[in-house]
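*Asks:*
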Amino acid sequence: MKTAVPCYYHLDVEVSPERVGQVSRILAAHLKYWDLDPLVKPVCGSAELLLKAIDEHATDKHTSIEMWWNGQHLITAVGDNDQALRPDLDLRACLEHIAAMSDGWGCCATETGSKVIWFSQRARAGERVPLVPKAPAPDLREGLQVPREMPVAALATPMLPADGALEDAR
Numbered sequence: 046m047k048t049a050v051p052c053y054y055h056l057d058v059e060v061s062p063e064r065v066g067q068v069s070r071i072l073a074a075h076l077k078y079w080d081l082d083p084l085v086k087p088v089c090g091s092a093e094l095l096l097k098a099i100d101e102h103a104t105d106k107h108t109s110i111e112m113w114w115n116g117q118h119l120i121t122a123v124g125d126n127d128q129a130l131r132p133d134l135d136l137r138a139c140l141e142h143i144a145a146m147s148d149g150w151g152c153c154a155t156e157t158g159s160k161v162i163w164f165s166q167r168a169r170a171g172e173r174v175p176l177v178p179k180a181p182a183p184d185l186r187e188g189l190q191v192p193r194e195m196p197v198a199a200l201a202t203p204m205l206p207a208d209g210a211l212e213d214a215r
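So the sequence shown is numbered by our numbering: it starts at 46 and just counts up by one.
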């Protein structure tokens with residue numbers, strides 16, 4: 046049985062129309078490797094939309110993509126180096142789609158003036174191995190000790206009436 050181990054993946058890519066599909070297949074392969082098959086469609090679809098928008102609107106096509114799996118959430122971040130690309134104008138349709146498909150999302154600026162757009166997906170119950178390991182089943186060499194056999198007479202102690210009523214009845 047596998048245990049939930051934190052996972053991380055980083056990919057630097059020069060975005061072009063033919064690379065968008067390749068990146069999507071690479072991300073899908075990593076999600077399947079991490080046993081997160083149900084997240085492939087929303088994560089890869091959102092990443093594809095962002096990469097297509099970057100290809101269409103950005104002058105600097107160099108992009109970094111990162112995925113973190115912490116055992117409960119998958120966080121995907123797409124960072125571009127184009128300072129002129131504005132999320133509120135150029136990426137509005139992508140961000141609306143990401144907001145509808147993800148559990149959380151955001152956009153933040155970096156020290157260099159570029160931006161990172163991230164979104165998270167929560168793994169639903171039954172989609173990933175349990176985070177808490179189950180106790181192992183007893184081995185054949187282990188077992189409970191059988192209680193020693195004792196005669197019934199030794200177990201029973203004579204009861205004496207508190208008021209001596211039985212002695213008087215004889």
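Even glycine gets a Cβ: it sits at the ideal position worked out from N, Cα and C.
#1: Between which residues of its own chain and Leu76 is the CB-CB distance below 6 Å, once the five residues before and five after are set aside?
#2: Check this for me: beta carbons of Cys139 and Ala98, under 7 Å apart or not?
#3: Give the list of continuous alpha helix (DSSP H) stretches no shorter than 4 residues that lie fully inside the segment 125-160.
#4: Can you tell me whether DSSP reads Asp100 as helix, strand or coil?
#5: Can you check which of these residues, Gly158, Trp150, Thr155 and Glu156, is closest to Phe164 by C-alpha distance?
#6: What span of residues does the alpha helix (DSSP H) with Val68 cover, start to end?
#7: What number of angstroms, rounded off, separates the C-alpha of Asn126 from the C-alpha of Gly90?
#8: For Ser147, is the classification buried or exposed, using 16 other Cβ atoms within 10 angstroms of its Cβ as the cut-off for buried?
#9: Count the other CB atoms within 10 Å of the CB of Gly66; is the residue buried (16 or more) or exposed (fewer)?
#10: Is the beta carbon of Ala129 closer than 7 Å to that of Val161?
#11: Just how far apart, CA to CA, sit Val60 and Ala168?
#12: What did DSSP end up calling Leu84 once you bin it into helix, strand or coil?
*Replies:* This is what the structure gives:
#1: Counted from its first residue, the sequence shown places residue 76 at position 31. The answer, listed in chain order, is Leu84 and Val85.
#2: The residue labelled residue 139 in the question sits at position 94 within the sequence shown. The residue labelled residue 98 in the question sits at position 53 within the sequence shown. It is a contact, given that the beta carbons lie within the stated cut-off.
#3: 137-146
#4: The residue labelled residue 100 in the question sits at position 55 within the sequence shown. Looking at Asp100 - three-state DSSP - the assignment turns out to be helix.
#5: Along the sequence shown, one-based indexing puts residue 164 at 119. The option with the nearest alpha carbon to Phe164 is Trp150.
#6: Stepping through the sequence shown from its first residue, residue 68 is reached at position 23. Taken as a continuous stretch (DSSP letters only), the alpha helix (DSSP H) holding Val68 covers Pro62 to Tyr78.
#7: By one-based count along the sequence shown, residue 126 stands at place 81. By one-based count along the sequence shown, residue 90 stands at place 45. Going by the C-alpha atoms only, they are around 21 Å apart.
#8: The sequence position of residue 147 within the sequence shown is 102, counting from 1. Per the 10 Å Cβ criterion, buried.
#9: Here the question's residue 66 lines up with position 21 in the sequence shown. Per the 10 Å Cβ criterion, exposed.
#10: Against the sequence shown, residue 161 aligns to sequence position 116. Against the sequence shown, residue 129 aligns to sequence position 84. Taking 7 Å as the Cβ cut-off, Val161 and Ala129 do not qualify as a contacting pair.
#11: As a working mapping, residue 60 is identified with position 15 in the sequence shown. As a working mapping, residue 168 is identified with position 123 in the sequence shown. About 28 Å.
#12: On the sequence shown, position 39 is the one that residue 84 refers to. The answer is helix: DSSP assigns Leu84 an H, G or I state.
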